[in-house]
Amino acid sequence: MTALLEVEEVTAGYGTVMIVHEVSIRLEAGELVTIIGPNGAGKSTLLKAIFGLLPIRDGRVQLGGDTVTDESPSRMVRLGASFVPQTENVFPSLTIRENLEMGAYQLSRGVRRRIDEVLDLFPELSERTGEQAARLSGGQRQALAIARSLMLDPKLLLLDEPTAALSPVRRREIFDRLMAIRERGVALLMVEQNAREALAISDRAYVLVDGRNAHEQPGPEMLANPEVGRLFLGLDSVEDGETDPGGV
Amino acid sequence: MLPVDAFTSLAGEAPALLPPLITFGGSVNWTVGFLTTAAIFAIAALALNVQWGYTGTINFGVVAFFGVGAYTSALLTLDAPGEFESYVGGLELAIPIGWVGGMVAGGVLALLVGLPTLRLRDDFLAIATIGIATILRSIANAQEGLVNRARGLNGIPRPLEGFANDMGVDYDLVLLVLTSGVLLMVFLVVRGATASPWGRVLRAIRENEATAQSVGKMTTSYRIQSFVLGGALMGLAGAIFAHRIGTIAPDSFDNLTTFLVWTMVIVGGSGNNRGVMLGALVVGFVWFGLPLIQEELPDFLGTRVFMLRRIAIGLLIIAFVLTRPQGLLGEEPRVSRFAPRGDGGGGLWPTGLWSRIRGQPGGGAA
Amino acid sequence: MDILQLVIVGMVVGSIIGLGAMGLTLTFGVLKFANFAHADLMTLGMYLAFFVIVDVGIVGGHVGPFSFGWGMIPAVLFAWGGVAAFTVGVDRFVFRPLRRRETDFLSIGIASLGVAIALQAVVQAIWGSAPLRYHSEIHRALTFAGGLKIKPDQILIIGLTLAMAVALYLLLHRTRLGTAMRATSDNAPLAEASGIDTERVRIATWVIASAMTAVAGVMFALQSQLRFDAGFEFLLLPMFAAVILGGIGNPWGALVGGLIVGISQELSTEWINTGFKPGVPFLLLILILIVRPRGLFGSETQWST
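Residue numbers (our numbering), protein chains in the order written: chain P, 1 to 248; chain C, 1001 to 1366; chain Y, 2001 to 2305.
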């Protein structure tokens, strides 16, 4: 069977500086896959290149069997992909409802019904749809960003560090939501610094080092792999819970 | 042959405001006159290069500093006001003192303007500076007893005139040599300053203010220093200009002068001192040379030659920003200000770009 | 009573500045660069209307007490279309390539300065240097109680400015396009990542801003004269002052800013030399930049209502 997302030996970067080198990644429909790796490993760059926000120098990206290498973000959205950036991922001066409407900009009808469906998953947003996104707390903002990305009912969701700068409690909430989204059949590809928690819920994980594939393993197995913890995550011991490199 | 004041009336639209100059004697030579004017503009272009090319500080008020230098030097060296004149000064000082005064005045104006505004976003600074020239011009035009209002200052003494007479040499040539000598000195000063550690800090500020700040340099202080140096040199250029033409009025200093100097820097290459001098020569040639072919042009263009050259300037700016942002010579060895910036990582877009315009700190960690 | 008369004239001038500034703040907010050609776009608009009324000769008698005839309607529409076509064209061939290259936004501003210089010279080359009017007849002022004078054209200028401000509000807050414009202004890369065609939004922004630009230009010519050099001499600085007073990207702020600039400019003549009038917007600009650079109404977000 063909994978939902197939990234084949992609090289990409900014201008003339290549950050990602010949990276390959595969994602089946409905899978939750995490990319981890040290700072500057090119994890975010890879996500942006897949989504068409950065030019791909070399390699190929396929989505649901179609070649989408270097397609524009708006075409990626049309093909069923969606992207949640790490920061500045909501429209601050728009209301929550307007944010969601913009997530469904390519939808001509049924926007209102779709907003209600998405808000079912985010009850804390549904009571304040008329409020400006700028007034939301960090966790709520992240929730709105994810809600926005779900508006067109994507098959694939790309998330860039969805829990960065959140407290442990809020992190837990976001991870719970991501699992609920996967339950609905959406595949998720996320970059995470809070590797321990992310790996625990992931079907599989990739480790990226210096912009290259370094390792691939099912999530929980990788979590149990002391070698990975020591070499790639900068953790002395995965049992030591307070050493998240990107936490808080 | 064109009257000599084609070089001295910057705007060119209203040469009637300025009395024709007779002191160029019998040897009115286009090339000599042009080179003298180009040298004066080259000084102003070097000055703007310190501010914009090396520091990235935008200044759309070049003519204000130029004009303040011109007026200061004139007021210091002129005779006391006559019966129908009314201006401050008229101290009859020596011309070199006037030029130094013009430099000081340009520097002081830069300090006054820079202190409140250099902390601002770059585009706000551009907007603020475009107003300075307008305001100073309206004050010069409206305030009685300051600079003789729209009647202007006449009979500004000309440097080395007696010397040229005594030696029996062509005054135009003497003036060209003198102006070129000042240009050479300014070039050496600017080159020395920009090549020094001080100049390296300026470039660091231009490339990425956040980084420069994080290594503990007081970026605003450095920006003010470079702004003042640039303002002083613009004042010097204005002072030489005033003494060359002998007559100045508020309307001699309109925004076109600013745009002309900007075009020279952009065409020559921001951040390249030899480049901006070349730019002064090339752009100056387009500006002052176009009227020469007035009579060769078809009538409907010939009568509009002064508009034609403004169109040319506008198109030059657009064309270079668009197709050759590094200018004719480009900056060596560093990338030009216009070149794409690298990424700061983290956010969805290159941090330098969006955070600068959005007035926010960088786009996140990574 | 003198003061009241000055305030009324200030409101007229302020409406013109404010309407122009609404167009300027719209493009500043969505396209993220200071458009130094904006004032000369107003000049282009006023001369395009002149082309229809005088050069083509569509006058249309007199409408009511106003100084112009029915010809003003096609003239304004033509001016709008012309300014819109010009800005969309310049965006396509100058601004968009620079945007694509992700250069500093300042270089787009500098390119716009080149556009301003060339455009002003083109207008002068076509229509000449002498100030012009749409109609030569004397336009009588109405006199109200207390000797207050106001011309019918001036009442129209204030009324039309308010009407266009309301229309812009409805467009920005009640339509999908308007919301997309605000979204693009807030965060263009995110808008693009959401599937919004931001280039089309930018084109729409130019077209909408052109309506305000062209009308404001015609209003300026009605209130004063057609002048090829109106941009740098009278309009650019006051409009930027209004935009920054109101907070960049905030159209109602720009309108209020324009009224503040216009009224204080006129009122200043009561106490200071009329020749210093151009200094008033500059002082306001510097003051707001030092005290509150995000503008009177700017919150941490733009477009707040």
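Cβ coordinates follow ideal geometry from the N, Cα and C atoms, glycine included.
Those residues which DSSP pairs with residue i across a bridge
i	result
E8 of chain P	P:R60
T1368 of chain C	Examination of residue 1368 of chain C is not possible in this model, given that chain C is present from 1001 through 1366 alone.
T25 of chain P	Sequence inspection shows Ile at residue 25 of chain P; the Thr mentioned does not correspond to that position. Partner(s): P:V7.
Q2154 of chain Y	Q2154 of chain Y is not bridged to any residue.
N213 of chain P	P:L208
L32 of chain P	P:L188
L159 of chain P	P:V84 and P:M190
T2143 of chain Y	Y:K2149
P218 of chain P	P:R204
L1233 of chain C	None, per the DSSP bridge assignment.
Q132 of chain P	P:T95
Counted within 10 angstroms of its Cβ, other Cβ atoms place residue i as buried (16 or more) or exposed
i	result
G2128 of chain Y	exposed
D2055 of chain Y	exposed
I2053 of chain Y	buried
R1309 of chain C	buried
M2011 of chain Y	buried
P1250 of chain C	buried
L2321 of chain Y	Any answer about residue 2321 of chain Y is impossible in this case: the structure gives chain Y only from 2001 up to 2305.
G1025 of chain C	Low per-residue confidence applies at G1025 of chain C: pLDDT is 32, beneath 50, and the placement is therefore not dependable, though the value from the model is reported in the following sentence. Its Cβ having fewer than 16 others within 10 Å, G1025 of chain C is exposed.
H2062 of chain Y	exposed
G1082 of chain C	exposed
W2271 of chain Y	exposed
G1271 of chain C	buried
D1343 of chain C	For D1343 of chain C, the pLDDT reaches just 36, beneath the cut-off of 50, and the residue's location in the model is therefore unreliable, leaving the point undetermined.
N2250 of chain Y	buried
P218 of chain P	exposed
F2144 of chain Y	exposed
N1165 of chain C	exposed
G1181 of chain C	exposed
Under 7 angstroms from the C-beta of residue i: neighbouring residues of chain Y
i	result
S1138 of chain C	G2275, F2276, P2278 and G2279
Y105 of chain P	A2180, S2194, G2195 and I2196
R1203 of chain C	In chain order: nothing, as chain Y lies at least about 15 angstroms away.
E98 of chain P	T2179
N1141 of chain C	G2275
For residue i, the nearest candidate out of the options (CA to CA)
i	options	result
S108 of chain P	Y:I2288, Y:Y2169 and Y:G2195	Y:G2195
A2254 of chain Y	Y:Q2265, Y:S2264 and Y:P2238	Y:P2238
G2069 of chain Y	Y:H2135, Y:A2037 and Y:D2197	Y:H2135
L2006 of chain Y	Y:L2235, Y:K2149, Y:F2228 and Y:R2292	Y:K2149
A134 of chain P	P:I115, P:Q140 and P:S93	P:S93
S24 of chain P	P:D58, P:L53 and P:G15	P:D58
Q2120 of chain Y	Y:Y2047, Y:I2008, Y:F2144 and Y:M2219	Y:Y2047
G1106 of chain C	C:V1063, C:T1194 and C:E1092	C:V1063
Y14 of chain P	P:V61, P:G52 and P:F122	P:G52
M179 of chain P	P:G138, P:P85 and P:S202	P:S202
E216 of chain P	P:G30, P:A3, P:I36 and P:L4	P:I36
S2224 of chain Y	Y:L2019, Y:S2015, Y:R2133 and Y:I2117	Y:R2133
Partners in chain Y for residue i, counting only beta-carbon separations shorter than 9 angstroms
i	result
F51 of chain P	A2193
P73 of chain P	P2189, E2192, A2193, S2194 and G2195
Residues that residue i contacts on chain Y, provided the C-beta gap is smaller than 8 angstroms
i	result
M259 of chain P	Because chain P spans 1 through 248 in this model, residue 259 of chain P falls outside it and cannot be assessed.
L152 of chain P	G2195
P85 of chain P	P2189, L2190 and A2193
Within chain A, the residues that residue i reaches when beta carbons sit closer than 8 angstroms
i	result
D2186 of chain Y	Among the chains of the structure shown, chain A does not appear; the protein chains present are P, C and Y.
Proximal residues of chain C, C-beta to C-beta of residue i below 7 angstroms
i	result
P2293 of chain Y	L1120 and F1124
Cross-chain neighbours of residue i in chain C, by beta carbon under 8 angstroms
i	result
V2088 of chain Y	None at all; the shortest Cβ gap to chain C is about 16 angstroms.
Amino acids of chain C, ordered along the chain, whose beta-carbon sits closer than 9 angstroms to that of residue i
i	result
F2232 of chain Y	I1130, T1134, D1254 and N1255
> Using 8 angstroms as the threshold, is the stretch 176 to 191 of chain P in touch with the stretch 92 to 99 of chain P, meaning 3 or more CB pairs across them?
Replying inline: no
>> Quick check: the stretch 1218 to 1228 of chain C against the stretch 1076 to 1083 of chain C, are at least 3 beta-carbon pairs closer than 8 angstroms?
In response: no
>> If contact is defined by three or more beta carbon pairs under 8 angstroms, each pair taking one atom from either stretch, is the stretch 157 to 166 of chain P in contact with the stretch 116 to 131 of chain P?
In response: By the Cβ rule, the stretch 116 to 131 of chain P does not count as touching the stretch 157 to 166 of chain P, because fewer than three pairs are nearer than 8 angstroms.
>> Quick test of the definition: if touching needs 3 or more C-beta pairs under 8 angstroms, does the stretch 2187 to 2204 of chain Y touch the stretch 2220 to 2237 of chain Y?
In response: no
>> Does the contact criterion of 3 or more C-beta pairs under 8 angstroms hold for the stretch 1037 to 1055 of chain C versus the stretch 1229 to 1237 of chain C?
In response: yes
>> Is it the case that the stretch 1319 to 1330 of chain C contacts the stretch 1299 to 1307 of chain C, given that we only count it when at least three CB pairs across the two stretches are under 8 angstroms?
In response: No, they do not touch.
> Can you find at least 3 beta carbon pairs, one from the stretch 2175 to 2195 of chain Y and one from the stretch 2250 to 2269 of chain Y, that sit closer than 8 angstroms?
Replying inline: no
>> Could you check whether the stretch 2031 to 2039 of chain Y touches the stretch 2276 to 2286 of chain Y, counting it as contact only if at least three pairs of C-beta atoms, one from each stretch, sit closer than 8 angstroms?
In response: no
> For the stretch 1243 to 1262 of chain C against the stretch 1144 to 1152 of chain C, are there 3 or more C-beta pairs whose distance is under 8 angstroms?
Replying inline: These segments touch.
>> Under 8 angstroms, with one C-beta from each stretch per pair, do the stretch 1119 to 1128 of chain C and the stretch 2097 to 2116 of chain Y reach the 3-pair mark?
In response: yes
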